[in-house]
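Report on the following structure.
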Amino acid sequence: MFSHSDVWRGIDRLATSFGYSPSGLAKKAGLDPTSFNKSKRVSPDGKPRWPSTESLSKVLSVTGATMSDFFALIDGDADSAHPQNTASRTIPVIGFAQAGMQGYFDEDGYPAGDGWDQVSFPNTHNINDENSYAIEVSGDSMEPLYREGDFLIVSPAAQLRRGDRVVVKTTGGEVLTKELARQTASKIELKSINPAYEDRTFKQNEIQWIARVIWVSQ
0 MFSHSDVWRG IDRLATSFGY SPSGLAKKAG LDPTSFNKSK RVSPDGKPRW PSTESLSKVL
60 SVTGATMSDF FALIDGDADS AHPQNTASRT IPVIGFAQAG MQGYFDEDGY PAGDGWDQVS
120 FPNTHNINDE NSYAIEVSGD SMEPLYREGD FLIVSPAAQL RRGDRVVVKT TGGEVLTKEL
180 ARQTASKIEL KSINPAYEDR TFKQNEIQWI ARVIWVSQ
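Residue 0 is where the sequence shown starts when you use numbering that gives the first Met the number 0, and the numbers rise one by one after that.
This is how it looks when you write it as structure tokens:
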């Protein structure tokens, strides 16, 4: 069983792993910046408080971390959780505008051609797919979860599940990042990350490829 201090330590280490202070992580997740302050970790009568499940869910969502990652941070040490002390990984990267052009992907959605740049990331997520790549976010269609300048780390080989954030390329050349709401033999339903943008539904034969977002560098 985890104690109150264990869970708070996990939040602190999660923030450090992604280059934030606890207050910075709270703000990035859309929470009150003081949510993770030391003063909020005890009640007025001195009893320890738990972080809310909503706040924990939001910080995991905004970082792309899983509960397994969070538990590993609780069990690990602060140094190993910090990206500066984690082995880096160089992967290919392009912008969203390029992703819709011909020549950057093969028919299965794997990186192809020599037009890609390279970028180095701390391998805090132990990205094992050798064909993983990064797409740089532009525009506001993915706010508030992802913002312009963020890098989405995408794995073409990762298994897809309902609720996953995915990058989709249509046969018409459109590239979108949405949440996978439902997938059947005949169609794919995609939920917009930004509520200002509409949800989309495509026939399976309108999809060139679909790949899961496994991490985001912000």
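For each residue, glycine too, the CB sits at the ideal point set by N, CA and C.
- request: Go through its chain and collect everything with a Cβ distance to Val92's Cβ below 6 Å, but skip five positions before and after it.
  value: Asp116, Val118, Ala133
Whole-angstrom distance between Leu30 and Gln97, CA atom to CA atom: 34 Å
- prompt: What residue does the beta strand (DSSP E) around Arg164 start on, and which one ends it?
  reply: 164–169
message: In the DSSP output, which residue or residues are listed as bridge partners for Glu135?
response: Gly94, Phe150
query: In the DSSP assignment, what are the bridge partners of Leu179?
result: DSSP links Leu179 through a beta bridge to Leu189.
message: If the criterion is Cβ atoms closer than 8 Å, does the pair Met219 and Asn204 meet it?
response: The question about residue 219 has no answer here: the residues shown for the chain are numbered 0 through 217.
message: For the alpha helix (DSSP H) containing Ser67, name the first residue and the last one.
response: Here the alpha helix (DSSP H) through Ser67 covers 66–74.
query: When you compare only the Cα positions, how much space is there between Gln158 and Pro21?
result: 32 Å
- prompt: Sorted by chain position, which residues of the same chain lie with C-beta nearer than 8 Å to Val165's C-beta, five sequence neighbours on each side aside?
  reply: Leu159, Thr176, Lys177, Glu178, Leu179, Leu189, Ile209, Ala210, Arg211, Val212
message: Please identify the residue among Phe201, Thr170, Val174, Gly171 whose C-alpha is closest to the C-alpha of Thr183.
response: Phe201
task: Could you tell me the distance, in whole angstroms, from the CA atom of Ser42 to the CA atom of Leu13?
output: 23 Å
query: Considering Arg211, what are the terminal residues of the beta strand (DSSP E) in which it resides?
result: It spans 206–216 - the beta strand (DSSP E) in which Arg211 sits, taken as one unbroken run.
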